[in-house]
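In mature numbering (1 follows the signal peptide of the UniProt record, and there is no 0), the protein residues as written are -27 to -1, 1 to 463.
Glycine is no exception: its CB is placed at the ideal position from the N, C-alpha and C atoms.
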Amino acid sequence: MSMILQLLPKIPLVARVALLHILGVSPQSKYMDLTTEVTIAVLRSFLAPSRPLSITHTQKLINKDPGVKGRIWVSNYTAPASPGSGIRDAMVRAIVGLQEGTPLDSSLLDSLSDAGPVEAEWTGYRAGATEDSKPPAISEHEKYAEMMKEAATPTTILYFHGGAYYLMDPATHRPATKKLAKLTGGRCYSVRYRLAPQHPFPAAVMDALSSYLTLLHPPPDAFHPPVQPSHIVFAGDSAGGNLALSLLQLILELNRQSAATVPGNQTIPWHGIDIPLPLPLPAGVAVNSAWVDMTHSSPSCTRNAPFDYLPALAARAPPPACPAWPASPPRKELYVADALVAHPLVTLLAARSWTGAPPVWMCTGWELLADEDKLLAAKLHADGVRVVFEEYEGMPHCFAMIFTRLGGSERCFAGWSGFIREVTGGKAAGEGEGEGKGESRFVTVRARTLEEVKIEVGELAPYGEGVMRERIARRGGPRVGGLDGSAAKL
């Protein structure tokens, strides 16, 4: 009944969108069916209300665990905090090392949070279950063991959920992690990283690093044996894509710093051992609609508004005050201190170098984030990184995870999981190597036919790196609509 009452005021909107679609005069009608276009319009209206809920209220409403049911294994594990300040010290070294221009104030660095325990969900596909099956009444460790009996490959996906860094949870993303586990024959380690605004940057990035080290060097009470880095892929959607790439840039920077010192001179203390730098890199990174520009400097943030359910910046009203927000001391961004909004571990477009990174898969739609994803793909390629980039014609943000019955959604998950299987060596017996293995590929996937059209690398980025950096610097100074720019990103 509550949902019906919320939808009643949307009837005029639905009628208008449906009429324009049927007449074939809406921009979207050439690329999507009526149901999808109407759903996008309704979602957009919910995400840009004239009277938004508070941050606290929204978190309570969205960050709920619906329970575990169906063809899925979920085993909860909490990695204990490592004694000492090794994770935080490494984080601060990278933040300082990547900072450009004005040095960071020491009080800002002193205020950064410490590392802590990190929860995660081991997630796998449960083939013998039904859609209504409940988890067996066994321990979390036993659930992990049962999950591993069904894992056909060693592929391990270190997954970071989306939600603008202040919403969502591994629980909300179980359909996606279950599907990736099924399609790869492996398992996901889906991280319950700390959320903003209560835990601003770099809390989530430290949780991501702790989770990677947990896979490589399991704490004494862990369920799993050490995972080979060649079997691990960092993955995520939206803000989770940002986090996956931030973790990669963090490791690259720590390794660059290590290369400039005496070999073995830098370590990260971790549960009684000293992990030497350089850290091993994962087999790859695979991100869906990654949010890589916290300054919202790209033209697509306004140009692509008709195709996206994420509301354009100008349409977003600030939320009312609550215990979580405004922050103390005040800042304009939910996720990060104002002085760090354009930092390369926050706005990944600002990173000077990705040289040495493993292969990267990226997908985007005709969404607000399209330009920034294209710019990053071009930068990665220019730095010698193998990139597989897929642009989905006419599609909104993270469409494959929301509009699951679209042909393009199946194609997106096939590309996503296929890349992960390839780079981890997780192809099933008898499978071919796949066209283009080992090469960079840039394609547009047509909405109606799923035809792939090659994108020339020179046509990928809407403008050059110099213009990009000017736009980021301009937007990354005094923030324009800072909270409004971040609060609706999913």
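- Annotated three-state conformation of C371 is coil, per DSSP.
- The residues G158, in chain order, have a CB closer than 6 angstroms to that of A125 in the same chain once the five nearest residues on each side in sequence are set aside.
- Cβ contact annotation for Q222 (same chain, cutoff 7 angstroms, sequence separation greater than five): P317, L318, L321 and A324, in chain order.
- Around the beta-carbon of R421, fewer than 16 other beta-carbon atoms lie within 10 Å, marking it exposed.
- By the neighbour-count definition (other C-beta atoms within 10 Å, threshold 16), T268 is a buried residue.
- Residues A285 of the same chain have their beta carbon placed closer than 6 angstroms to that of A278, with the five preceding and five following residues left out of the count.
- DSSP links S163 through a beta bridge to E94 and Y132.
- Classified as buried, G213 has 16 or more neighbouring CB atoms from the shown chains inside 10 Å of its CB.
- A176 places its beta carbon 7 angstroms or farther from that of Y138.
- The criterion of a C-beta distance shorter than 7 angstroms is not satisfied by S211 and W298.
- Distance from the CA of L26 to the CA of P296, rounded to the nearest whole angstrom, comes to 13 angstroms.
- Taken through DSSP and simplified to helix, strand or coil, R414 comes out as strand.
- H114 counts as exposed, since fewer than 16 other beta carbons sit within 10 angstroms of its beta carbon.
- The C-alpha of L7 lies about 20 angstroms from the C-alpha of L20.
- Contact between the stretch 245 to 254 and the stretch 333 to 351 is not established, with fewer than three Cβ pairs separated by less than 8 angstroms.
- Taking a cut-off of 8 angstroms for Cβ pairs, the stretch 68 to 76 and the stretch 302 to 311 do not touch, as fewer than three such pairs fall below it.
- Fully enclosed alpha helix (DSSP H) runs of no fewer than 4 residues occupy 273 to 276 of the stretch 256 to 319, in order along the chain.
- In the three-state DSSP reduction, T103 falls in the coil class, being neither helix nor strand.
- A check of alpha carbon separations from S390 across G209, L433 and P272 identifies G209 as the nearest.
- Across the structure, E119 and W339 are spaced so that their CA atoms are roughly 41 angstroms apart.
- Restricting attention to I224, T129 and L379, the CA atom closest to the CA of L250 is found in I224.
- Under the three-state reduction of DSSP output, G209 falls in the strand class.
- By the beta-carbon neighbour count (other beta carbons within 10 angstroms, threshold 16), G381 is buried.
- By the criterion of a C-beta distance shorter than 8 angstroms, G367 is surrounded in its chain by Q1, K3, Y4, M5, F280, G338, W339 and A420, once the five residues flanking it on both sides are discounted.
- In the DSSP assignment, P(-16) falls within the unbroken alpha helix (DSSP H) covering I(-17) to L(-5).
- Annotated three-state conformation of W389 is helix, per DSSP.
- Boundaries around A52 are those of the beta strand (DSSP E), I45 to A52, since no alpha helix (DSSP H) includes it.
- In the DSSP assignment, Y117 falls within the alpha helix (DSSP H) that extends over E113 to E123.
- Boundaries for D247: no alpha helix (DSSP H) harbours it, while the beta strand (DSSP E) harbouring it runs I246 to P249, taken from the DSSP string.
- The continuous stretches of beta strand (DSSP E) do not include P148, which lies in the alpha helix (DSSP H) extending over residues R147 to T157.
- Taking C-beta separations shorter than 7 angstroms and ignoring five residues to either side along the sequence, the partners of L81 in its chain run A310 and A312, following chain order.
- DSSP assignment within the stretch 172 to 222 yields the following whole alpha helix (DSSP H) runs of 4 residues or more, N-terminal first: 176 to 189.
- Using a 10 angstroms sphere on the CB of Y436, the tally of other CB atoms stays under 16, which defines it as exposed.
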